[in-house]
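What follows is the structure, given as structure tokens:
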């Protein structure tokens, strides 16, 4: 333990890293890459691409299905890049907090797999599993380790390998495909929305000696799971998703797969309601003074689709919580929606963009549709 006594320390992000596998895949080649269910063009694919506004994305799986990397492998590469950006060596790492929607294993946790891929020595690890907001769960855990003096170098990382779940064989022969060979909308939309990659940030109790760092002012997470059924889930059918006794493990893997209870699914009608719940939490932050919009110089808001951004902006436009769109920064069109990795991939691009200046305040917002969660992180450029 570092010498800190009872005094809490400041925390700084001193390095940001990202890893995007393979070449960028454009919309014209996307369905060739992930495959066609029963050889048919998707009924909703073009509509999904118009809805999400993504132009290119990356996959860790080749068109014929060969695995080019793993979730843990991609996350380890992002961690190594972040540590290098901080001017450190892997051996300096004392706490590794990782986030993912679905790791390579059912057991053990993602952090253990990432540590092994790094070839790192003994350290403390923590695995956070949810959807997009798990990135800020890991960030808060890593931040508190440094703030309390438990670690001098901590990393928060997020990684996703969504494409392995999107191969046609994962759906064919299940209840998710109708008699005409068409995949249900709640599954098909996600095939055109999610992609692969990883991102990471290094946290230390002092800023870098050279270059820019980001002081962590605070990290807040709010879950509204007590108010909503799952909105994005894997492990149950749509009808039974709120009944824990009906989860896939009770039926067994073969029966659950046949019922379409293992695939990743999204309830788009519920999503419209959840968006308003996210905005409600945002407004509460503003009303309490936790967020002062006029003092925010840059907003990095993770959203899964351009249309969701438009809806968020529409709801906020006439409120005191609105942050002008010219202050927003995103990489969604170029890198796609990478779940828990998205916010760090976005932050890495932002730090390289030339936009951040000393004294600027940067607000990160990560809403998650899994079961209605939203996270906020306030940073200051130093």
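In my numbering, the protein residues as written are 578 to 959.
C-beta: ideal position from N, C-alpha, C; glycine also.
Counting other Cβ atoms within 10 Å of its Cβ, residue 917 reaches 16 or more and is therefore classed as buried. Taking one beta carbon from each stretch, the stretch 727 to 740 and the stretch 762 to 780 have 3 or more pairs nearer than 8 angstroms; the two touch.
In the displayed model, residue 638 falls within a strand according to three-state DSSP. The beta carbon of residue 644 lies closer than 8 angstroms to those of 637, 638 and 741 in the same chain, with the five residues before and after it left out. For residue 589, the closest alpha carbon among the candidates 757, 647 and 794 is that of 794.
According to DSSP, residue 751 shares a beta bridge with no other residue. Taking 4 residues as the shortest admissible run, the stretch 734 to 803 contains the following complete alpha helix (DSSP H) segments, listed from N- to C-terminal end: 762 to 768. About 19 angstroms separates the beta carbon of residue 771 from that of residue 952, a gap too long to meet the 8 angstroms contact definition. Excluding residues up to 5 positions away in sequence, 906 lie with their Cβ nearer than 8 angstroms to the Cβ of residue 930 in the same chain. Of the candidates 934, 748 and 909, 748 places its Cα closest to the Cα of residue 762. In this structure residue 701 touches residue 671 by the C-beta definition: roughly 7 angstroms separates them, less than 8 angstroms. Here residue 659 has 592, 593, 594, 732, 777, 778 and 779 as same chain residues with Cβ atoms under 7 angstroms from its own Cβ, once five neighbours each way along the sequence are excluded.
Here the C-alpha atom of residue 942 lies approximately 14 angstroms from the C-alpha atom of residue 949. Straight through space, the alpha carbons of residue 677 and residue 697 are spaced by roughly 20 angstroms. Shown here, residue 676 sits in a strand according to DSSP, grouped into three states.
Looking at 744, 798 and 834, the one whose alpha-carbon comes closest to that of residue 707 is 798.
For residue 920, there is no enclosing beta strand (DSSP E); the residue is part of the alpha helix (DSSP H) that begins and ends at 919 to 929. Every unbroken stretch of the alpha helix (DSSP H) spanning 4 or more residues and falling wholly within the stretch 646 to 709 is given here in chain order: 648 to 662 and 687 to 695.
With contacts defined as CB atoms closer than 8 angstroms, residue 813 and residue 802 fail to qualify as a contacting pair.
Residues 742, 747, 748, 753, 764 and 811 of the same chain have their beta carbon placed closer than 7 angstroms to that of residue 840, with the five preceding and five following residues left out of the count. 8 angstroms or more divides the Cβ of residue 760 from the Cβ of residue 808. In terms of CA proximity to residue 615, 756 leads the group 859, 756 and 944.
Residues of the same chain with a CB within less than 6 angstroms of the CB of residue 838, apart from the 5 flanking positions on each side, are 813, 814 and 825 in chain order. Under the three-state reduction of DSSP, residue 906 is assigned to coil, being neither helix nor strand.
Under the three-state reduction of DSSP output, residue 914 falls in the strand class.
Taken atom to atom, the span from the alpha-carbon of residue 722 to that of residue 792 is near 15 angstroms. Using a 10 angstroms sphere on the CB of residue 682, the tally of other CB atoms stays under 16, which defines it as exposed. If you ignore the 5 residues before and after residue 663, its C-beta comes within less than 6 angstroms of the C-beta of 591, 592 and 779, all in its own chain and listed in chain order. Residue 833 sits in a helix when the DSSP states are folded into three classes. Taking 8 angstroms as the cut-off, the beta carbon of residue 652 is found closer than this to the beta carbon of residue 775.
Taking a contact as a CB-CB distance under 8 angstroms, the pair residue 703 and residue 718 counts as one, their CB atoms being some 5 angstroms apart. With fewer than 16 other Cβ atoms from the protein chains shown falling within 10 Å of its own Cβ, residue 783 counts as exposed. Straight across, the Cα-Cα distance linking residue 587 with residue 720 is about 9 angstroms. Excluding sequence positions up to five before and after residue 617, its CB lies within less than 6 angstroms of the CB of 758, all in the same chain and listed in chain order. Under DSSP, residue 877 shares a beta bridge with 941.
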